[in-house]
Amino acid sequence: MTLPFISWLFPQTIIGGDWPFFWQKNINEFLSYTYAWDASLNSGLGKSNLEILWLNTYLGYGGHFLSNILHIPWNLAEKILFFWPIILFLILSPYVLSGLFTKRRLFRLLSSVVYLANTYTFMIASGGQVGILLSYAVAPLSLYYFIRLVRDSYSHRGIHTAIQFGLILSLQILFEPRMFIITLVSFVLFALLHIVVHPLTKKSFIQFFKMLLLNLLISVGLVLFLHSFWILPVIASLATKSSFTSLSTITTADYFSFTRFENAFSLLHANWPENIFGKTYFMRFQFLLVPLTGFSSLLFLKRSKLNNNPLSTTVILFSGALIILGSFLAKGTNDPLGAVYQFLITYVPGFVAFRDASKFFLLVSIGYSLLLPASLLLIAEKSFIKKLKQALLYIVLFFIVAWFFLHIPAWKGEIEGTFKQRTVPSEYTELYSEITGDEGFYRTLWVPRISRFAPSTNQHPAVSLTSLISPYDTDSLPSFFEDTESEKYLQTLGIRYVILPSDPYGELFLDDREFSQDMFDQTKSVLDQTSYLTFVKSINNLSIYSVEDPWDKVMVGTNNIFNHVAYSPISPSEYSVNLSTEDGDYVLLFNEHYDPNWKLIDSHGNAVGSVETERGMNSFPVSKEMTGTYRIYYSLQDWVNRGHRISIATVAGLGIYWLLRLRRKHDYDRS
Numbered sequence: 017m018t019l020p021f022i023s024w025l026f027p028q029t030i031i032g033g034d035w036p037f038f039w040q041k042n043i044n045e046f047l048s049y050t051y052a053w054d055a056s057l058n059s060g061l062g063k064s065n066l067e068i069l070w071l072n073t074y075l076g077y078g079g080h081f082l083s084n085i086l087h088i089p090w091n092l093a094e095k096i097l098f099f100w101p102i103i104l105f106l107i108l109s110p111y112v113l114s115g116l117f118t119k120r121r122l123f124r125l126l127s128s129v130v131y132l133a134n135t136y137t138f139m140i141a142s143g144g145q146v147g148i149l150l151s152y153a154v155a156p157l158s159l160y161y162f163i164r165l166v167r168d169s170y171s172h173r174g175i176h177t178a179i180q181f182g183l184i185l186s187l188q189i190l191f192e193p194r195m196f197i198i199t200l201v202s203f204v205l206f207a208l209l210h211i212v213v214h215p216l217t218k219k220s221f222i223q224f225f226k227m228l229l230l231n232l233l234i235s236v237g238l239v240l241f242l243h244s245f246w247i248l249p250v251i252a253s254l255a256t257k258s259s260f261t262s263l264s265t266i267t268t269a270d271y272f273s274f275t276r277f278e279n280a281f282s283l284l285h286a287n288w289p290e291n292i293f294g295k296t297y298f299m300r301f302q303f304l305l306v307p308l309t310g311f312s313s314l315l316f317l318k319r320s321k322l323n324n325n326p327l328s329t330t331v332i333l334f335s336g337a338l339i340i341l342g343s344f345l346a347k348g349t350n351d352p353l354g355a356v357y358q359f360l361i362t363y364v365p366g367f368v369a370f371r372d373a374s375k376f377f378l379l380v381s382i383g384y385s386l387l388l389p390a391s392l393l394l395i396a397e398k399s400f401i402k403k404l405k406q407a408l409l410y411i412v413l414f415f416i417v418a419w420f421f422l423h424i425p426a427w428k429g430e431i432e433g434t435f436k437q438r439t440v441p442s443e444y445t446e447l448y449s450e451i452t453g454d455e456g457f458y459r460t461l462w463v464p465r466i467s468r469f470a471p472s473t474n475q476h477p478a479v480s481l482t483s484l485i486s487p488y489d490t491d492s493l494p495s496f497f498e499d500t501e502s503e504k505y506l507q508t509l510g511i512r513y514v515i516l517p518s519d520p521y522g523e524l525f526l527d528d529r530e531f532s533q534d535m536f537d538q539t540k541s542v543l544d545q546t547s548y549l550t551f552v553k554s555i556n557n558l559s560i561y562s563v564e565d566p567w568d569k570v571m572v573g574t575n576n577i578f579n580h581v582a583y584s585p586i587s588p589s590e591y592s593v594n595l596s597t598e599d600g601d602y603v604l605l606f607n608e609h610y611d612p613n614w615k616l617i618d619s620h621g622n623a624v625g626s627v628e629t630e631r632g633m634n635s636f637p638v639s640k641e642m643t644g645t646y647r648i649y650y651s652l653q654d655w656v657n658r659g660h661r662i663s664i665a666t667v668a669g670l671g672i673y674w675l676l677r678l679r680r681k682h683d684y685d686r687s
């Protein structure tokens with residue numbers, strides 16, 4: 017037997033799922049992840065960082081502060097920054113939220129148990145999706161403050177609650193905005209249900225609505241100001257449509273719709289317990305105990321003492337509605353009424369971000385974290401139960417035992433990912449030392465894809481072959497390397513080494529979700545037979561090949577004849593380059609993935625826009641009059657800088673507000 021989260025408490029570095037592994041060089045570069053351009057973290061060819069700037073900013077500043085200023089080892093710093101707050105919020109948030117309908121700590125702890133230890137939580141936790149998990153963990157706290165805001169709006173107050181609500185929302189959005197949008201569904205549902213269950217006179221409703229709207233404007237304004245550092249550049253990027261990749265809508269949604277309605281309604285993740293992408297299981301009918309227990313509360317509510325508390329009644333009805341709505345959305349395009357989700361994906365702007373419908377399990381989890389304890393509390397109120405000594409304790413113990421057996425794979429250690437302790441293979445440690453010891457810029461190409469242990473820094477980014485061949489399969493591998501243009505292509509991209517990774521944990525060479533030695537051997541055979549690849553060495557099962565004369569990040573020339581030029585990186589979003597007099601017009605090649613927001617700027621601020629090359633990189637036309645020092649600059653960085661100033665000013669304003677509030681409270685207490 018084991019505890020699922022126990023590995024998060026040990027000093028070893030967490031390795032598994034989507035959680036990236038950081039070498040010391042990456043840790044030293046943490047601040048570079050806060051810029052508008054991502055040079056190496058998520059793409060070896062460079063890409064806009066706006067798709068995940070919120071979380072990367074948290075990682076960049078938080079990681080830099082803990083590891084590079086306080087000098088806390090990363091194996092401990094990663095837990096302080098991510099994993100321990102996850103556990104804390106998973107316990108604290110539902111505990112606070114459940115206090116809306118009961119003050120009994122035992123039942124509030126049950127709410128935490130349901131939210132912390134269900135199949136969806138286990139799957140995203142073991143999968144290393146820390147941004148989603150952090151936002152998921154904060155979601156009940158966001159809902160709690162929204163309900164408080166609704167309550168305070170009845171009494172024509174709530175400005176302080178509005179500020180608290182804005183801060184909690186800002187925290188949730190910092191981790192994952194999509195989970196906030198899903199939480200927003202719960203806000204709307206609660207507000208509508210509360211108005212229906214507890215109607216007001218027209219005059220009272222208008223007063224309530226005005227106060228609620230004012231409070232919400234304060235909260236939303238606070239969120240916008242705090243998140244200006246990424247909201248402003250995202251808005252600015254819409255003019256060029258450069259920041260976000262297009263997605264096939266309905267086809268993509270169908271591909272990610274693994275969950276059936278009965279699974280979601282029973283709080284059963286479709287990939288439970290192995291958490292292998294695309295591998296789903298039949299319905300486990302023992303999980304029907306979850307909805308049967310939860311919705312039994314509706315049978316007992318009418319004659320319950322809880323019915324005397326209007327807020328408790330609303331919360332229970334709201335929880336049931338939230339579960340039904342969340343289950344319907346979490347099933348995606350599957351029946352029943354799968355066309356509804358297809359319609360949302362196709363016609364609702366931005367809804368394609370929810371192509372993975374399983375994120376709507378958030379609503380189901382919140383619903384059951386409220387409904388299950390409420391049901392047990394209502395059962396405990398029945399007269400024949402009250403006659404039993406320590407009846408509450410027996411009910412709680414029975415529920416915990418039943419919950420334990422429902423999730424027995426978690427306690428038997430069958431869930432791996434971040435829950436399983438792993439070590440770094442020695443061959444990658446040796447490779448890291450060799451690559452980071454090299455001077456100058458170059459890239460490494462990993463075949464077929466990057467290993468989680470691949471050294472990838474701003475100076476030596478790692479590129480997956482799967483990002484160059486789309487769609488990738490084993491049949492396309494020989495044709496790529498046999499192509500007469502492939503050597504020139506790799507040189508142009510700055511590829512110096514082609515690496516066949518070792519796969520000790522069976523993540524790269526998969527056939528029917530299992531490690532395939534044949535696939536590994538076939539890949540190695542193709543690389544061995546490629547004439548322009550020179551075998552360098554093998555380190556255990558990892559093989560290294562070299563490519564002659566890779567291009568630098570910045571080159572100048574014309575007619576496909578390019579030479580090196582003096583340049584220096586200032587940040588991922590800015591480079592300085594020295595241009596000298598040439599015999600005629602020429603081209604400056606900037607070897608990062610094309611984005612129209614890259615500019616070549618002189619000392620007077622005059623800018624030349626980027627032109628996309630045949631290989632999908634950036635180039636700038638240069639005339640012979642253009643000499644001296646120029647900047648290659650990603651222009652959206654200006655909006656990031658402006659946003660940072662607004663965000664910092666907002667934090668300073670909040671600090672002043674809180675100091676004044678504490679001083680006022682102190683003066684009041686003294687009087």
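Heads up: the sequence shown begins at 17 in this note's numbering, then just goes up one per residue. Cβ atoms here follow ideal geometry from the backbone N, Cα and C, with glycine treated the same way.
Classification of residue i by the beta-carbon crowding that lies within 10 angstroms, buried from 16 upward
{"i": "L263", "result": "The predicted model places L263 with a pLDDT of 44, which falls under 50 and marks its position as unreliable; any figure quoted below should be read in that light. So L263 ends up on the exposed side."}
{"i": "G348", "result": "buried"}
{"i": "H214", "result": "exposed"}
{"i": "E443", "result": "buried"}
{"i": "H80", "result": "buried"}
{"i": "P352", "result": "exposed"}
{"i": "P487", "result": "exposed"}
{"i": "M299", "result": "exposed"}
{"i": "P471", "result": "buried"}
{"i": "A255", "result": "exposed"}
Residue nearest to residue i in terms of C-alpha spacing, selected from the options
{"i": "G143", "options": "Q475, L165, H176, E290", "result": "E290"}
{"i": "W288", "options": "R661, L413, K375, A426", "result": "A426"}
{"i": "L387", "options": "G310, S486, Y357, L183", "result": "G310"}
{"i": "Y297", "options": "P307, H285, V306, I466", "result": "H285"}
{"i": "L19", "options": "L254, S313, E432", "result": "E432"}
{"i": "L604", "options": "G32, F496, V624", "result": "V624"}
{"i": "N72", "options": "W90, I96, L47", "result": "L47"}
{"i": "L75", "options": "L108, W35, S114, L113", "result": "W35"}
{"i": "P477", "options": "P494, S502, Y448", "result": "Y448"}
{"i": "T574", "options": "L86, D454, T629", "result": "T629"}
{"i": "Y649", "options": "W53, I22, N44", "result": "W53"}
Which of helix, strand or coil DSSP assigns to residue i
{"i": "I140", "result": "helix"}
{"i": "E608", "result": "strand"}
{"i": "E590", "result": "strand"}
{"i": "K428", "result": "coil"}
{"i": "V250", "result": "helix"}
{"i": "V440", "result": "coil"}
{"i": "V331", "result": "helix"}
{"i": "K553", "result": "strand"}
{"i": "N91", "result": "helix"}
{"i": "D534", "result": "helix"}
{"i": "T256", "result": "coil"}
{"i": "I234", "result": "helix"}
{"i": "G573", "result": "strand"}
{"i": "N72", "result": "helix"}
{"i": "S559", "result": "strand"}
{"i": "G644", "result": "strand"}
{"i": "P215", "result": "coil"}
Cβ of residue i within 8 Å of any chain B Cβ
{"i": "S518", "result": "Note that chain B does not occur in the displayed structure, where there is just one protein chain."}
Per DSSP, the bridge partner or partners of residue i
{"i": "W462", "result": "S480, I515"}
{"i": "F636", "result": "L604"}
{"i": "A623", "result": "I617"}
{"i": "E628", "result": "N634"}
{"i": "S64", "result": "W53"}
{"i": "F527", "result": "Note that residue 527 is Asp in the sequence shown, not Phe. According to DSSP, which records beta bridges pairwise, D527 is partnered with E530."}
Would you check if there are 3 or more beta carbon pairs closer than 8 Å linking the segment 340 to 358 to the segment 277 to 284?
yes
Indicate whether the contact test is met: 3 or more Cβ pairs, each with one atom in the segment 368 to 387 and one in the segment 199 to 206, closer than 8 Å.
yes
Any contact between the segment 57 to 71 and the segment 608 to 623? By contact I mean 3 or more CB pairs, one from each, below 8 Å.
yes
Check whether the segment 482 to 499 and the segment 535 to 550 touch, using three or more Cβ-Cβ pairs below 8 Å as the test.
yes
Three CB pairs or more closer than 8 Å across the segment 102 to 112 and the segment 138 to 154
yes
Touch check for the segment 502 to 518 and the segment 454 to 474: three-plus C-beta pairs under 8 Å?
yes
Any 3 or more C-beta pairs closer than 8 Å across the segment 26 to 33 and the segment 83 to 94:
yes
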